[in-house]
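Presented below is the structure to which this report refers.
Residue numbers (my numbering): 252 to 634.
Right, dumping it as structure tokens:
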């Protein structure tokens, strides 16, 4: 029959030292309580007090042994206590230093929640982090960067990003499940999977696909935004669970073509994206009162409220079920729903894709939309 193994913390030297100190306190407290008169040591609490004060060599002098046995016991407590307490203090200091070193090396599992996870590294990360900071997306839980950069390079990155304690590293390849797990994507608010410029395009996309599958398995609902190194891998990344996919080549070619027709369009895009200051675009949810109105009413109200200009209506992607289309007040509809549930049938009908309606007509109803994209007044200018 196999012997039960003790947990690691019970087999460590620090636990043994703490146990030895507790044993010494118990023995010395009991001993001084038994050998001394009640006028010297009135109760067991006073005996414990004397043991702690003597062991730590504080020596208040409020309790002084009067018997030879008490004095001998005091000598033993002082001699043993100095060694035990100093060794325990040294061990605890070593553990703290070791933990800090492991965190700096990216070997620890992060503990925060609501953080942003960035898987991979390329030259666009500083700009991405700057945008995340300016939009307030790092205020809740900070940033966790998963990368296989060497330690010296990670220290340079930490200095460059200027996040202080809000930045945590996880060292390793993004395609490894145990590495991704340390970043705790199940507690994250956002996950970014970046193309890795130090790898061939096909290998970069392969690691991104593995990373997307791992993240989606750990957190089915977290938004995942990714880059594709090769256009033919877009479909594979989307099937792996990526929410939205960015193709640098597609974006740059589209912008270059636009510049030929409207040279000032690039300045507008920079202002809207916040490349020269505070981001010009923001997203907010529509209230139930606003959903009952029209686009022209929303524009007029928003301009009067803070000067922002509504640009587009948004419809978020979500799952559709029978509950969404059946009337809760209809007895027939409720009977149909209960019939499905009683037979163990799923009521899920599918999913609704995200939709965007730019510059709607004035009479456009808002009931089918969830949010509105706004252009801040003076957005994109220097803060």
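Cβ atoms here follow ideal geometry from the backbone N, Cα and C, with glycine treated the same way. Bear in mind the structure is a predicted one, so any value in this text is a computation, not a measurement.
* To do: Determine the DSSP secondary structure at residue 443, reduced to helix, strand or coil.
  => Locating residue 443 in the chain shown gives position 192, counting from the first residue. Strand.
* For residue 541, which three-state DSSP category applies? -> Working through the chain shown from its first residue, we reach residue 541 at position 290. Residue state, collapsed to three classes: helix.
* To do: Check each candidate in 393, 265, 384 and name the one with the smallest Cα separation from residue 636.
  => With the chain covering 252 to 634 only, the question about residue 636 has no answer from this structure.
* Do residue 369 and residue 388 have their C-beta atoms closer together than 8 Å? -> Within the chain shown, residue 369 is the residue found at index 118, counting from 1. Within the chain shown, residue 388 is the residue found at index 137, counting from 1. The answer is no: Cβ separation not under 8 Å.
* Asked: Considering only C-alpha positions, which residue in the set 398, 267, 308 is nearest to residue 339?
  -> Position 88 of the chain shown holds residue 339. Ranked by Cα distance from residue 339, the first of 398, 267, 308 is 267.
* Could you name the residues of the same chain whose beta carbon sits closer than 6 Å to that of residue 560, not counting the 5 residues immediately before and after it, in chain order? => Locating residue 560 in the chain shown gives position 309, counting from the first residue. So the qualifying residues of the chain are 626.
* Other residues of its chain near residue 547: CB distance less than 8 Å, five sequence neighbours each side excluded -> As a working mapping, residue 547 is identified with position 296 in the chain shown. If the five residues before and after residue 547 are omitted, its C-beta is found closer than 8 Å to the C-beta atoms of 613, 614, all from its own chain and listed in chain order.
* Asked: With a CB to CB cut of under 7 Å and the five nearest residues on each side skipped, what residues in its chain are close to residue 634?
  -> Residue mapping note: residue 634 aligns to position 383 of the chain shown, counting from 1. Confidence at residue 634 is low in this model, with a pLDDT of 46, below 50, so the placement of that residue is unreliable and no value is reported for it.
* To do: Count the other CB atoms, across all protein chains shown, that sit within 10 Å of the CB of residue 609; report buried if there are 16 or more and exposed otherwise.
  => As a position in the chain shown, residue 609 is number 358, starting the count at 1. Exposed is the call here.
* Quick one: measure Cβ to Cβ for residue 450 and residue 376, integer angstroms, because I've assumed they're closer than 8 Å. => Position 199 of the chain shown holds residue 450. Position 125 of the chain shown holds residue 376. The Cβ separation is near 15 Å, so there is no contact.
* Have a look at residue 534 and residue 271 and give me their C-alpha separation to the nearest angstrom. => Residue mapping note: residue 534 aligns to position 283 of the chain shown, counting from 1. Residue mapping note: residue 271 aligns to position 20 of the chain shown, counting from 1. Straight-line spacing of the CA atoms in residue 534 and residue 271 works out to 60 Å.
* Look at the Cβ atom of residue 425, then the Cβ atom of residue 468, and state whether they are nearer than 8 Å. => By 1-based counting over the chain shown, the position of residue 425 is 174. By 1-based counting over the chain shown, the position of residue 468 is 217. Cβ atoms of residue 425 and residue 468: not closer than 8 Å.
* In the DSSP assignment, what residue or residues form a beta bridge with residue 350? -> Indexing the chain shown from 1 puts residue 350 at position 99. Bridge partners of residue 350 according to DSSP: none are assigned.
* Determine the contact status of residue 361 and residue 440, defining contact as a CB-CB distance below 8 Å. => As a working mapping, residue 361 is identified with position 110 in the chain shown. As a working mapping, residue 440 is identified with position 189 in the chain shown. No, the Cβ-Cβ distance between residue 361 and residue 440 is not below 8 Å.
* To do: Would you check if the stretch 536-544 and the stretch 392-408 touch, i.e. whether three or more CB-CB distances between them fall below 8 Å?
  => No, because fewer than three Cβ pairs between the stretch 392-408 and the stretch 536-544 fall closer than 8 Å, the two stretches do not touch.
* Check whether the Cβ atoms of residue 470 and residue 437 lie closer than 8 Å to each other. => What you label residue 470 is simply residue 219 of the chain shown in a count that begins at 1. What you label residue 437 is simply residue 186 of the chain shown in a count that begins at 1. Cβ distance < 8 Å, so residue 470 and residue 437 count as in contact.
* Asked: So what's residue 634 in DSSP terms, helix, strand or just coil?
  -> Position 383 of the chain shown, counted from the start, is the residue given in the question as residue 634. With a pLDDT of 46 at residue 634, under the threshold of 50, the modelled position of that residue is not reliable, and the figure given next carries that caveat. If DSSP states are grouped into helix, strand and coil, residue 634 belongs with coil.
* How long is the line joining the alpha carbons of residue 386 and residue 524, rounded to whole angstroms? -> As a position in the chain shown, residue 386 is number 135, starting the count at 1. As a position in the chain shown, residue 524 is number 273, starting the count at 1. The straight-line gap from Cα to Cα measures roughly 11 Å.
* To do: Measure the CB-CB distance between residue 304 and residue 298 and report whether it falls below 8 Å.
  => Taking the chain shown and counting its residues from 1, the one referred to as residue 304 is at position 53. Taking the chain shown and counting its residues from 1, the one referred to as residue 298 is at position 47. Cβ atoms of residue 304 and residue 298: not closer than 8 Å.
* DSSP on residue 506, reduced to helix/strand/coil? -> Stepping through the chain shown from its first residue, residue 506 is reached at position 255. In this structure, residue 506 counts as helix in the three-state DSSP scheme.
* Are there three or more Cβ pairs, one per stretch, closer than 8 Å when the stretch 473-480 is compared with the stretch 491-502? -> Yes, the stretch 473-480 is in contact with the stretch 491-502.
* Should residue 279 go down as buried or exposed, given a rule of 16 or more other Cβ atoms within 10 Å for buried? -> Here residue 279 is taken as the residue at index 28 of the chain shown, counted from 1. Counting C-beta atoms within 10 angstroms of its own C-beta, residue 279 has 16 or more neighbours from the protein chains shown and is therefore classed as buried.
* To do: With a floor of 4 residues, list each alpha helix (DSSP H) that falls wholly inside the stretch 407-438, ordered by position along the chain.
  => Qualifying alpha helix (DSSP H) stretches, in chain order: 428-433.
* Does the Cβ-Cβ distance between residue 553 and residue 620 come in under 8 Å? -> In the chain shown, the residue the question calls residue 553 occupies position 302. In the chain shown, the residue the question calls residue 620 occupies position 369. For the pair residue 553 and residue 620, the CB atoms are not nearer than the 8 Å cut-off.
* Asked: Looking at the structure shown, is residue 567 part of a helix, part of a strand, or coil, going by DSSP?
  -> Mapped onto the chain shown, residue 567 falls at position 316. Of the three classes helix, strand and coil, the one that applies to residue 567 here is coil, per DSSP.
* To do: Excluding the 5 residues preceding and the 5 following residue 282 in the sequence, name in chain order all residues of the same chain whose CB lies nearer than 6 Å to its CB.
  => Reading the chain shown from its first residue, position 31 is the one you call residue 282. Here the set comprises 324.
* **Spatially closest choice to residue 302 from 472, 367, 276, 317, by CA coordinates** => As a first step, residue 302 must be located in the chain shown, where it is residue number 51. Taking only the C-alpha atoms, the option nearest residue 302 is 276.
* Asked: Do residue 617 and residue 549 have their C-beta atoms closer together than 8 Å?
  -> The residue labelled residue 617 in the question sits at position 366 within the chain shown. The residue labelled residue 549 in the question sits at position 298 within the chain shown. The answer is yes: Cβ separation under 8 Å.
* **Presumed contact (8 Å Cβ cut-off) between residue 318 and residue 348, rounded CB distance** => Position 67 of the chain shown holds residue 318. Position 97 of the chain shown holds residue 348. About 44 Å separates the two Cβ atoms, so there is no contact after all.
* Asked: Can residue 306 and residue 332 be called in contact, C-beta distance under 8 Å?
  -> Reading the chain shown from its first residue, position 55 is the one you call residue 306. Reading the chain shown from its first residue, position 81 is the one you call residue 332. Cβ distance < 8 Å, so residue 306 and residue 332 count as in contact.
* To do: Express the C-alpha separation of residue 336 and residue 312 in angstroms, rounding to a whole number.
  => Numbered from its first residue, the chain shown carries residue 312 at position 61. Numbered from its first residue, the chain shown carries residue 336 at position 85. A straight-line Cα-Cα distance of about 20 Å links residue 312 and residue 336.
* Close beta carbons around residue 499, own chain, < 7 Å, minus the five adjacent residues each side -> Residue 499 sits at position 248 when you count from the first residue of the chain shown. Closer than 7 Å at Cβ, skipping near neighbours: 478.
* Buried or exposed: where does residue 309 fall if 16 or more other Cβ atoms within 10 Å of its Cβ makes it buried? -> In the chain shown, counting from the first residue as 1, residue 309 sits at position 58. Only exposed fits residue 309, as fewer than 16 other CB atoms lie within 10 angstroms of its CB.
* **Neighbour-count burial assignment, residue 314, 16 or more Cβ in a 10 Å radius** => Translated into the one-based positions of the chain shown, residue 314 becomes position 63. With a 10 Å radius around the Cβ and a threshold of 16 neighbouring Cβ atoms, residue 314 comes out buried.
* For residue 371, three-class secondary structure by DSSP -> Residue 371 sits at position 120 when you count from the first residue of the chain shown. The three-state secondary structure of residue 371, taken from DSSP, is coil.
* Asked: What is the C-beta distance between residue 480 and residue 431, in whole angstroms, given that I count them as a contact (C-beta under 8 Å)?
  -> Position 229 of the chain shown, counting from 1, holds the residue named residue 480. Position 180 of the chain shown, counting from 1, holds the residue named residue 431. Not a contact, Cβ separation roughly 19 Å.
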